[in-house]
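These notes concern the structure reproduced below.
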Amino acid sequence: MARVKVYTTDFCPYCEKAKSILSSKGVEYDEINIQDDEKLRDEIERLTGGRRDVPQIFIDGEHIGDDDALEALAVSGELDKMFNLEAQEATLPAPEIILPTAEITPPVLSHHDEKIRNVIIIGAGPAGFAAALYAARANLHPVLITGSEIGGQVSTTTDIENYPGFKGENAAELIQIMQSQAMHFGTEILFFDVVTEVDFAQHPFRIKTHESELFAKSVIICTGASHRKLNIPGEAEFAGKGVSYCATCDGFFFQNRSVVVVGGGDSAVEEALFLTRFASEIHLVHRRDRLRAGSVLQKRILNHEKVKFIWDSVVEEIQGDEKGVNAVRLRNVKTDEQTIHPTEGVFVFIGHIPNTEIFKGQIELDERGYIITDKRQRTSVPGVFAAGDVQDHLFRQAITSAGSGAAAAIEAERYIAEIEDRAYPGRL
Ligand SMILES: Cc1cc2nc3c(=O)[nH]c(=O)nc-3n(C[C@H](O)[C@H](O)[C@H](O)COP(=O)(O)OP(=O)(O)OC[C@H]3O[C@@H](n4cnc5c(N)ncnc54)[C@H](O)[C@@H]3O)c2cc1C
18 MARVKVYTTD
28 FCPYCEKAKS
38 ILSSKGVEYD
48 EINIQDDEKL
58 RDEIERLTGG
68 RRDVPQIFID
78 GEHIGDDDAL
88 EALAVSGELD
98 KMFNLEAQEA
108 TLPAPEIILP
118 TAEITPPVLS
128 HHDEKIRNVI
138 IIGAGPAGFA
148 AALYAARANL
158 HPVLITGSEI
168 GGQVSTTTDI
178 ENYPGFKGEN
188 AAELIQIMQS
198 QAMHFGTEIL
208 FFDVVTEVDF
218 AQHPFRIKTH
228 ESELFAKSVI
238 ICTGASHRKL
248 NIPGEAEFAG
258 KGVSYCATCD
268 GFFFQNRSVV
278 VVGGGDSAVE
288 EALFLTRFAS
298 EIHLVHRRDR
308 LRAGSVLQKR
318 ILNHEKVKFI
328 WDSVVEEIQG
338 DEKGVNAVRL
348 RNVKTDEQTI
358 HPTEGVFVFI
368 GHIPNTEIFK
378 GQIELDERGY
388 IITDKRQRTS
398 VPGVFAAGDV
408 QDHLFRQAIT
418 SAGSGAAAAI
428 EAERYIAEIE
438 DRAYPGRL
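With positions in the sequence shown counted from 1, the corresponding number in my numbering is that position plus 17.
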C-alpha cells in the first residue's frame, strides 16, 4: 500500500492537480474516489475535522490538507525530503493526467537551463496553449510555464458547448487536445512551475520561477484570472467546511443538503445547475433583480424546480460551528433588511480578478489590474505580449482567449525577426 492516500471525486480539477504533483515527483499514491460512496464522504468529514472539499491528502496516515497544501509542500522542498527525492530533483516527467498521444515524448527542461529562449509563455489556459501552438509551428521552440492549473479556468468546469469545432465529452478533453497539440509541434512545458518574478527592464527578459531562472527574447503573458472572494466574516474560517469555489469538485458533499449560490453571471448559473444533481435545494443570491447569465443558461435555471432566487440581496456573513457552515446573514440592498438564512453550503461565483500581481511595476495595468494591450496584443514593453482573460474583462471566453493567444504568438515572431534584423519567416 502506498504511503499517500488521495481522496477525490469525479469532476475535480484540483484532484487532478494533486495527483499530477505526486506523479511528477514519482510518488506513488492510492486514489480513493468517494463520488458514489456516502460512507466514505462521511469518513472524510470525520478524518479532516469537517472538511467538505476534495482533494484531501494523507501521508502516512497524517492529514496534509488539499491540493494547495500539497503544492506548498512541493514548492518548499518538504515533499522531496519526506520521500527522499532530492537526489532525483533534476528532471520532472510529464504528469499522468494529460499525456499526449503515445508517440510523443514530452520535452522537459532542466531546472537550471540558462539558455536564452525565443518565447516564454506564462499560463496553460486556452490563451497559453494557442500561443504555444502558433509559436511552436513557427519553429520558435517556445517554453510554456503552466502554473498550478493546467487548462486554466476551463479545468474548473465540466462542459464546454461553445468552442467551435469541439463537440467532445467534457472540458478536460478540450484541455488534453490543446496540450498535446502544442507539445506535438515542440513546445517545452514546465509542469506546475509558477512564475514568481519577472524583470522586463532588462533584455533578454528574466523570468524567475519556483524551480528555475529563465531568459527570453519575448514573453507572452496568459495568466488569466482567478475567482473573486466575498471577503466577509466567516468566509476564510469556513473555507472547505461549507464554503466552496468549485461546485464540480465539492458538490458531492452536499447530497440532499440545502445550499446557497452567490452570483448571477454565467459561472454562477452553470455551477448552480451542476449542484442540482446533489443538493436538495439551491438558493441563488444575487445583488440585482435579474440574472446576468446568457439567455440559454437563464432559460435552464429560471424554471428549475430545485432553484429558488433571492434577488436584490448580498451575503454579509457566513455563520457556522465546529461542524461547518450552518447559515448566512443576508442583506436586501433595496430595503436594508437583514435575515438569517439556514444553509449547509455556500458556493461563491462573483467574478474574477486578473492574475497580474507579479507584473505590477513592470508593465502598464488598468485601474482594475488588467494588462493594457493594443490590437496586436502588445503591452507597454516591446517584446512582452499578453493574451486571454488577463487583458480582457469584456469577453472572457475560451475561444476569444485562444484567438488572442494565437495573435500574440504571431506578433512575438514578428518582434523577434525585427530585433534580429532578419526576414519574418511567415511560417504561421
Ligand atoms: C466555471 C467556469 C465556466 C466557464 N465556462 C466557459 C464556457 O462554457 N465557454 C467559454 O468559452 N468559456 C468559459 N469560461 C471562461 C474561460 O474558461 C476563460 O475565458 C478562459 O479559460 C481564459 O483563458 P486564459 O488562457 O486567458 O486564462 P485561464 O484559463 O485563466 O488560465 C490561466 C493560466 O495561467 C496560469 N498562471 C497564473 N498565474 C501564473 C504564474 N504566476 N505562473 C505561471 N502560470 C500562471 C494558470 O495556472 C493557468 O494555467 C468559464 C470559466 C469558468 C470559471
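In this text, a Cβ means the ideal position worked out from N, Cα and C, and glycines have one as well.
Review point. Between D283 and R305, is the Cβ-Cβ spacing less than 8 angstroms?
Key: Against a cut-off of 8 angstroms, the Cβ pair of R305 and D283 comes out as no contact.
Exercise for review: May I have the straight-line CA-CA distance separating L319 from R307, to the nearest angstrom?
Suggested key: L319 and R307 have their C-alpha atoms some 10 angstroms from each other.
**Study point:** Cβ-Cβ separation, G362 to S261 (assumed contact under 8 angstroms), whole Å
**Key:** About 7 angstroms separates the two Cβ atoms, so the contact holds.
Check your understanding: If you count every other CB in all the chains shown that lies within 10 Å of the CB of P399, and 16 or more means buried, which is it?
Key -> Under this definition P399 is an exposed residue.
Check your understanding: What are the boundary residues of the beta strand (DSSP E) that includes L207?
Key -> Where L207 is concerned, the enclosing beta strand (DSSP E) stretches over 205 to 207.
**Study point:** A141 beta carbon near ligand 1 (any heavy atom closer than 7 angstroms)
**Key:** For A141, the shortest C-beta to heavy atom distance toward ligand 1 is below 7 angstroms.
Exercise for review: Within the same chain, show all residues whose beta-carbon is closer than 8 angstroms to that of F255, passing over the 5 residues directly before and after it, in chain order.
Suggested key: Within its own chain, the residues whose Cβ lies closer than 8 angstroms to the Cβ of F255, once the five positions on either side in sequence are excluded, are I335, G337, G341, V342, V363, listed in chain order.
Check your understanding: Where does S165 fall in DSSP's three states?
Key -> In the structure shown, S165 falls within a coil segment according to DSSP collapsed to helix, strand and coil.
Review point. By the 10 Å Cβ neighbour count, where 16 or more other Cβ atoms means buried, how is L411 classified, buried or exposed?
Key: By the neighbour-count rule (16 or more Cβ atoms within 10 Å), L411 is not buried but exposed.
Check your understanding: Nearest-angstrom Cα distance between R20 and F269?
Key -> Cα to Cα, the separation comes out at about 26 angstroms.
Exercise for review: Specify, as a first and last residue, the run of the alpha helix (DSSP H) that S297 falls within.
Suggested key: From DSSP, S297 is part of no alpha helix (DSSP H); its letter is neither H nor E.
Practice item. Consult DSSP for H129 and reduce its assignment to one of helix, strand or coil. Key: Confidence in H129 is poor, its pLDDT being 44 and thus under 50, which makes the residue's placement unreliable; the coordinate value appears in the next sentence. In this structure, H129 counts as coil in the three-state DSSP scheme.
Point to revise | Proximity test, D216 beta-carbon vs ligand 1 heavy atom, cut-off 7 angstroms | key: False, no ligand heavy atom lies under 7 angstroms from that Cβ.
Check your understanding: Would Q219 be called buried (16 or more neighbouring beta carbons within 10 Å of its own) or exposed?
Key -> Q219 is exposed by the Cβ-count criterion.
Practice item. Taking only beta-carbon positions, decide if N372 is within less than 8 angstroms of chain C. Key: The chain inventory of the structure shown lacks chain C, comprising one protein chain alone.
Point to revise | CB-CB length for F217 against I133, believed under 8 angstroms | key: The pair is not a contact, with the Cβ atoms about 15 angstroms apart (cut-off 8 angstroms).
Review point. Using the rule of at least 16 other Cβ atoms within 10 Å of the residue's Cβ for burial, across every protein chain shown, is E79 buried or exposed?
Key: That one is exposed.
Review point. Apart from the five residues on each side of it in sequence, which residues of its chain come closer than 6 angstroms, Cβ to Cβ, to G368?
Key: Hits under 6 angstroms: R245.
Practice item. Alpha carbon to alpha carbon, how far is F209 from E60? Give it in angstroms, no decimals. Key: Distance between the alpha carbons of E60 and F209: 30 angstroms.
Review point. Can you tell me the Cα-Cα spacing of L90 and I81, whole angstroms?
Key: Those two C-alpha atoms are separated by around 9 angstroms.
Review point. With distances taken from CA atoms, which of Q73, K36, V136, L150 is nearest G420?
Key: Comparing alpha carbon positions, the residue from Q73, K36, V136, L150 closest to G420 is L150.
Review point. Residue range of the beta strand (DSSP E) that G420 falls in?
Key: That residue, G420, is in no beta strand (DSSP E); its alpha helix (DSSP H) goes 415 to 436.
Exercise for review: Report yes if the C-beta distance between A453 and A147 is below 8 angstroms; otherwise report no.
Suggested key: Residue 453 lies beyond the stretch modelled for the chain, which goes from 18 to 445, so this question has no answer here.
Check your understanding: Of the choices S243, N101, R395, E288, whose alpha-carbon is the least far from that of G142?
Key -> When each option's Cα is compared against that of G142, the closest is S243.
Check your understanding: CB of E437 to nearest heavy atom of ligand 1: below 7 angstroms?
Key -> Flag unset: Cβ of E437 not near ligand 1.
Review point. Relative to the alpha-carbon of K56, which residue among I162, V212, Q272 has its alpha-carbon at the smallest distance?
Key: The shortest C-alpha separation from K56 is found at Q272.
Exercise for review: Buried or exposed for A253, please, with buried defined as at least 16 other CB atoms from any protein chain shown within 10 angstroms of its CB.
Suggested key: Classification of A253: exposed, given that the 10 Å Cβ count is below 16.
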